[in-house]
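Worksheet for the structure shown next.
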Amino acid sequence: MGVVTWMVETTDNFLEDAAQTTFGNVAGQLGGIVAVASTLAVIGVFLNMVFQYKSMDGRTAFWFALKLMLISLFAMNWVQFNAVTSALINGLDQLAGGMVAGLGGGGAGASYFAGAFDDLIEEFGDYLNAAGDNMHWMAGALIGAIGAFLLGVIGALCGLVLIFAKIMLAFMIGIAPIMIALSLFDVSKDYFHRWLSSTVSYALYPLVIAGVFSTVVGMSRSLMTELGDPSGASNIGALVPRGGPGHSTSLPPC
6 MGVVTWMVET TDNFLEDAAQ TTFGNVAGQL GGIVAVASTL AVIGVFLNMV FQYKSMDGRT
66 AFWFALKLML ISLFAMNWVQ FNAVTSALIN GLDQLAGGMV AGLGGGGAGA SYFAGAFDDL
126 IEEFGDYLNA AGDNMHWMAG ALIGAIGAFL LGVIGALCGL VLIFAKIMLA FMIGIAPIMI
186 ALSLFDVSKD YFHRWLSSTV SYALYPLVIA GVFSTVVGMS RSLMTELGDP SGASNIGALV
246 PRGGPGHSTS LPPC
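For the sequence shown, this note's numbering begins at 6 and goes up steadily by one.
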């Protein structure tokens with residue numbers, strides 16, 4: 006298992022349980038508060054209908070009742086909330102898969118790209134070893150150490166990019182009961198709108214990853230195809246990409 010795949014799988018296993026646990030704890034603490042707030046809101050609506058402090062037609066009352074029902078259905082019920090969010094996230098992953106397929110890829114999602122980058126890092130490591138074998142032992146050891154460090158940094162950065170949206174999305178899901186409850190009143194519903202906007206943004210992040218990473222992976226594989234098998238390189242010049250006709254960039258034999 007490569008470093009990028011390890012980072013992604015470890016994060017997935019942790020966040021899957023963390024989001025549910027956080028959601029359940031927050032919902033458990035807010036259950037009584039939301040029940041009291043909903044009761045007060047319903048009492049306020051009925052009093053307003055009796056005394057007509059503020060004009061309210063039947064349509065407004067209907068949508069308010071529907072809002073209360075949705076809050077009780079999703080804000081305090083992990084099963085219902087998870088069913089909706091999972092359907093949306095899976096749909097976006099399928100859309101990302103279609104984008105990758107259109108660019109010549111064969112999969113989508115963080116696990117696919119993690120495996121693809123691990124393969125690229127391994128192949129780049131083979132080219133690095135081949136270059137070191139064609140150098141003096143001191144220069145080869147130095148190049149090998151620097152190259153291994155740079156490949157490790159690249160792997161860590163790729164892993165962080167892939168898991169960043171997952172971490173933020175898990176956090177947004179964890180605080181969902183609070184934000185959904187804030188939509189109950191006009192004075193606090195702006196917080197709900199901001200939370201919803203941020204959640205949608207992080208949910209769309211896989212589409213950005215699919216477009217960018219599929220292009221990077223495709224270009225890297227094209228470069229490796231042009232370079233050929235590193236085990237057959239007889240000198241460092243054979244490991245350097247060639248330019249167009251009449252513009253060879255290969256180095257002379259060492």
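Where a beta carbon is used, it is the ideal one built from N, C-alpha and C, also for glycine.
Burial check for Ala119: the Cβ neighbour count within 10 Å reaches 16 or more, so the residue is buried. The residues Ala208, in chain order, have a CB closer than 7 Å to that of Ile94 in the same chain once the five nearest residues on each side in sequence are set aside. Residue Leu212 holds the alpha-carbon nearest to the alpha-carbon of Gln99 among Ser225, Phe56, Leu212. The residues Trp83, in chain order, have a CB closer than 7 Å to that of Gly29 in the same chain once the five nearest residues on each side in sequence are set aside. A contact between stretches requires three or more CB pairs, one per stretch, nearer than 8 Å, and the stretch 191 to 201 fails this requirement with the stretch 153 to 161. Around the beta-carbon of Ser219, 16 or more other beta-carbon atoms lie within 10 Å, marking it buried. Taking C-beta atoms as the reference points, Met81 and Ala32 count as a pair closer than 8 Å. Between the C-alpha atoms of Trp68 and Ser91 there is a straight-line separation of about 26 Å. Around the beta carbon of Ile214, 16 or more other beta carbons lie within 10 angstroms, which makes this residue buried. By the CB criterion at 8 Å, Met12 and Gly164 fall inside the cutoff. The Cβ atoms of Leu201 and Ala42 do not sit closer than 8 Å to each other. A distance below 8 Å separates the beta carbons of Val9 and Asp123. Straight-line spacing of the CA atoms in Ile180 and Ser116 works out to 26 Å.
Check the Cα spacing between Pro182 and each of Gly130, Thr27, Val89, Asn18: the tightest is with Thr27. Leu187 and Ser193 have their C-alpha atoms roughly 5 Å apart.
Residue burial annotation: Tyr58 is exposed, with fewer than 16 other C-beta atoms found within 10 angstroms of its C-beta. Short of 8 Å from the beta carbon of Asp138, and not among the five residues preceding or following it, lie these beta carbons of its own chain, in chain order: Gly145. Across the set Ala161, Ala66, Glu128, Asp131, the C-alpha of Ala66 shows the shortest separation from the C-alpha of Phe51. The three-state reading of DSSP puts Ile180 in coil, since its state is none of H, G, I, E or B.
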